[in-house]
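Numbering-wise, the sequence shown is residues 2 to 149 according to my numbering.
Glycine included, C-beta positions come from ideal geometry on N, C-alpha and C.
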Amino acid sequence: MDDIYNDLIMEHSMNSYNKKALKEASYKEKGHNPNCGDEITLEVKLNGDIIEDMAFSGHGCAISQASTSIMIDTLKGKTVEEARKIIKTFIRMIKREETNPQNLRKLEEAIAFQNISNMPARVKCAGLAWHTMDAILENKANGGKRFS
């Protein structure tokens with residue numbers, strides 16, 4: 002099973018169709034990991050309370066790039082509330098705070114990062130996009146400025 006997850010991570014890090022500019026983004030947020038220099042810009046297009054589309058640009062290690070791409074695939078089409086729950090579960094998983102297989106199932110392919118907690122230096126790499134998306138949704142919840 003680990004080989005399948007490793008293949009998935011490598012596929013997303015090398016061939017991400019989610020790495021592009023997004024037309025008509027509702028929100029845009031930059032994320033940076035000062036520990037290793039990973040940087041992303043996440044763009045989100047909302048249709049009401051539904052995440053209609055997402056994309057990213059930036060650079061970083063294979064783990065941060067793959068995690069960003071997989072997060073986009075996981076959250077697209079979800080409501081903002083569903084996305085916030087998934088983000089919270091993912092962050093808890095990579096910190097070893099969530100291990101219940103039933104709860105982790107909602108992460109879909111993002112469960113590939115479950116064992117990243119065995120590499121503490123990489124936890125921030127895997128979590129970068131998820132924290133960035135959480136900041137976007139927090140901004141939205143607080144009536145923050147939309148990107149246009």
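Are the CB atoms of Lys-31 and Glu-25 nearer to each other than 8 Å?
In this structure, the beta-carbon distance from Lys-31 to Glu-25 does not fall below 8 Å.
Let's test the definition: count the other Cβ atoms within 10 Å of the Cβ of Ala-22 and tell me whether it reaches 16, buried, or not, exposed.
exposed
Continuous beta strand (DSSP E) stretch holding Asp-50: start and end
No beta strand (DSSP E) contains Asp-50, which DSSP labels as neither H nor E.
What are the boundary residues of the beta strand (DSSP E) that Glu-98 is part of?
No beta strand (DSSP E) holds Glu-98; DSSP gives it neither H nor E.
Roughly how many whole angstroms lie between the Cα atoms of Met-2 and Gly-144?
Low per-residue confidence applies at Met-2: pLDDT is 43, beneath 50, and the placement is therefore not dependable, though the value from the model is reported in the following sentence. Their Cα atoms are separated by approximately 42 Å.
Please state whether DSSP places Ser-17 in a helix, a strand or coil.
coil
Name the DSSP beta bridge partners of Lys-29, please?
Glu-44
Residues bridged to Asn-34 (per DSSP)
Asp-39
Locate the alpha helix (DSSP H) running through Ile-117, then write down its first and last residues.
No alpha helix (DSSP H) contains Ile-117, which DSSP labels as neither H nor E.
Can the beta-carbon of Ser-65 be found closer than 8 Å to that of Asn-19?
no
Which class does Ala-127 belong to by DSSP, given the choice of helix, strand or coil?
Correct three-state label for Ala-127: helix.
Exposed or buried, what is Ile-5 when buried is set at 16 or more other beta-carbons lying within 10 Å of its beta-carbon?
With a pLDDT of only 48 at Ile-5, under the threshold of 50, the placement of this residue in the model should not be trusted, and no figure is reported.
With burial defined as no fewer than 16 other Cβ atoms inside 10 Å of the residue's Cβ, what is the status of Asp-135: buried or exposed?
buried
How would you label Gln-103, buried or exposed, when you count the other beta carbons within 10 angstroms and need 16 or more for buried?
exposed
So for Ala-142, helix, strand or coil by DSSP?
helix
Measuring CB atoms only, is the segment 72 to 87 touching the segment 103 to 112, in the sense that at least three cross pairs come out at less than 8 Å?
yes
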